[in-house]
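Here is the structure we will look at, set down as structure tokens.
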Amino acid sequence: MVTNTRRAKRHEGEPEVVELNPVFARPGEATAIPKFDFPADEALPETAYQIVHDEAMLDGNARLNLATFVGTWMDEHASRLYIEAADKNMIDKDEYPQTAAVETRCWTMLADLWHAPDPRNTIGTSTIGSSEAAMLGGLALKRRWQHARREAGKPTDKPNLVLSSAVQVCWEKFCNYFEVEARYVPISLEHKVLDGHDLEKYVDENTIGVVAIMGVTYTGMYEPVAQIAAALDRIQESTGLDVPIHVDGASGAMIAPFVQPDLEWDFRVARVASINTSGHKYGLVYPGLGWVVWRDLESLPEDLVFRVSYLGGDMPTFALNFSRPGAQVLLQYYLFIRLGRAGYEAVQRTSRDVALYLSGEIAKMPAFELWNDGSDIPVFAWRLREGHTTNWNLYHLSERLRTKGWLVPAYPMPDDLTDLTVQRIVVRNGFSHDLASAFLADLRDEVAYLDALTGPMPAEGHRSGFHH
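Numbering (our numbering), first residue to last: 3 to 470.
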């Protein structure tokens, strides 16, 4: 994984060894362990544990990380299940048939939640995360397009995918890795999300599909799926092109069913062929889980499905990874039966209430102007009000907040809006009104400090703090 985190890189002058605290060393043990070379000798488990424990202590406090969408808390029963299932390999259907059965229950539940016409007559899968799930949705779109083109005697060498310029980076990877032209529809001050505007300029006979995002990573805003579908309907009426939609619901697919149940974004929209989501975001599971579900069996080309025999039966599997953890699948099922619809609604509504409280208070501050308020998914962004100051910017504020333990990224918006810098807050389960009030107090203090400057802060060395 490429990282721009300075501490993650090997820096000049870094010691070659990890020195042991004498309290933890045992007689006869080495007092230093090589940091970048394989150790020659064994260490006692207590010593190895303490070294790793102390290294990890330098990480940030996950509860104060307002940058990440990924879940950072589960209850003690989930933690117990996690340890009990740590050895389960999701791909080994013979050895872990019940975990495979639970996986099927989970995606069938999601198909029902997302209004599939016949949840028992569809197909889905768990994945390592929503990025893998999104790529599987994209692969199915490409393969369906290829089949249709070949049947019509047409070439299949120039597929393209239409998406917003604010799309998550996994879609850039998909287009790069699987040789699909990415056609980015730029967002603007007038069109803050992909909304169907000018879509006819991007869609042609080589378009495998359109991606609609339920919760844009930059800002948290929903892209109006039904409105995009209506634009594609008009395109079909005038050109005959029948273009499907994949909904990237990494966050929103686990928010909208509970917070905006009447919003039509899922399989109620006829053009939606597939939906992905993150179990480890607003699905509330620890990191390492995504889901993708197709409208029906016909939406996933059969030649993309591998058949694995288990218990004398036939188990379809479709994923980019092979061996992968099964524990998170069991954790997802635990939460589905632990919370149910009522519990998920309570959790998600609470997160959105906190987001609306925060955005409302930040909107009152003279320094800021909201981009959105967190009324879609509980995520919102703001920018520095034009003309407020020339002495500091949002990167300075982000650095000041970090000294208090808060991780609040500042970053430029995507192409055509790169001169606009915003900050973003992600409200997750566990970020309470009390923590929000504590954050606001620190935010006001740091803004007051910066506003009191009599000269400009240095601008060199600023790095985008954007986190997908």
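Glycine included, every Cβ here is placed at the ideal spot set by N, Cα and C. Because the structure is a prediction, the values reported are computed rather than measured.
Please name the residue, chosen from Ile230, Val271, Val213 and Asp244, that lies closest to Ala252 on a Cα-to-Cα basis. Val213
Who pairs with Pro414 in a beta bridge, going by DSSP? Thr423
Buried or exposed for Arg146, please, with buried defined as at least 16 other CB atoms from any protein chain shown within 10 angstroms of its CB. buried
Alpha-carbon to alpha-carbon, Ala258 and Leu163: 25 Å
From the DSSP secondary-structure annotation, give me the bridge partner or partners of Val371. Before going on, a small fix: residue 371 reads as Glu here, not Val. BP columns for Glu371 point to Arg385.
Since Leu409 and Leu68 are thought to touch, with beta carbons under 8 Å apart, how far apart are those beta carbons, to the nearest angstrom? 6 Å
By the 10 Å Cβ neighbour count, where 16 or more other Cβ atoms means buried, how is Tyr179 classified, buried or exposed? exposed
Please work out which residues of its chain come closer than 7 Å, Cβ to Cβ, to Leu83, disregarding the five sequence neighbours upstream and downstream, and give them in chain order. Leu332, Leu333 and Tyr336
Using the beta-carbon count (16 or more within 10 Å), is Val25 buried or exposed? exposed
Measuring alpha carbon to alpha carbon, tell me which residue in His248, Val54 and Gln350 is nearest Leu165. His248
Could you have a look at Val212 and say whether DSSP puts it in helix, strand or coil? strand
Straight-line gap, Lys175 to Arg426 (C-alpha atoms, nearest Å): 24 Å
Entirely enclosed alpha helix (DSSP H) segments - the stretch 128-204, minimum 4 residues: 132-153 and 171-179
Coil, strand or helix - Ala454 by DSSP: coil
Length of the line joining the Cα atoms of Glu18 and Gly407: 29 Å
Going straight from the alpha carbon of Leu403 to that of Pro411, what length do you get? 10 Å
Asp250 lies in the beta strand (DSSP E); which residues open and close that run? Ile247 to Asp250
Buried or exposed: Val54, going by 16 or more other Cβ atoms within 10 Å of its Cβ? exposed
Between the CA atoms of Phe370 and His470 - distance to the nearest angstrom: Low per-residue confidence applies at His470: pLDDT is 49, beneath 50, and the placement is therefore not dependable, though the value from the model is reported in the following sentence. For His470 and Phe370, the distance between alpha carbons rounds to 23 Å.
From the DSSP output, in three-state form, read off Phe338 for me. helix
Cutoff 8 Å; reference Arg12; Cβ partners in own chain excluding five residues on either side: Phe38
What's the C-alpha gap between Val428 and Thr74? 12 Å
Go ahead and pull the three-state DSSP assignment for Glu21. strand
Exposed unless 16 or more other CB atoms sit within 10 angstroms - verdict on Val449: buried
Use the C-beta contact count for Met59: other C-beta atoms within 10 angstroms, 16 or more gives buried, fewer gives exposed. exposed
Of the choices Asn395, Leu445 and Phe441, whose alpha-carbon is the least far from that of Asp421? Asn395
Chain D beta carbons: is any one of them nearer than 8 Å to that of Val104? As a matter of chain content, chain D is missing from the structure shown, which is built from one protein chain.
Measuring CA to CA, which of Ala443, Ser439, Ala461 and Phe433 is closest to Leu66? Phe433
Taking 8 Å as the threshold (C-beta atoms), are Lys90 and Thr101 in contact? yes
Measure the alpha-carbon distance for Asp436 versus Trp116 and round it to whole angstroms. 33 Å
Should Glu134 and Ala321 be called a contact, given that it needs their Cβ atoms to be closer than 8 Å? yes
When you compare only the Cα positions, how much space is there between Thr352 and Gly376? 12 Å
Nearest-angstrom Cα distance between Met459 and Asp418? 27 Å
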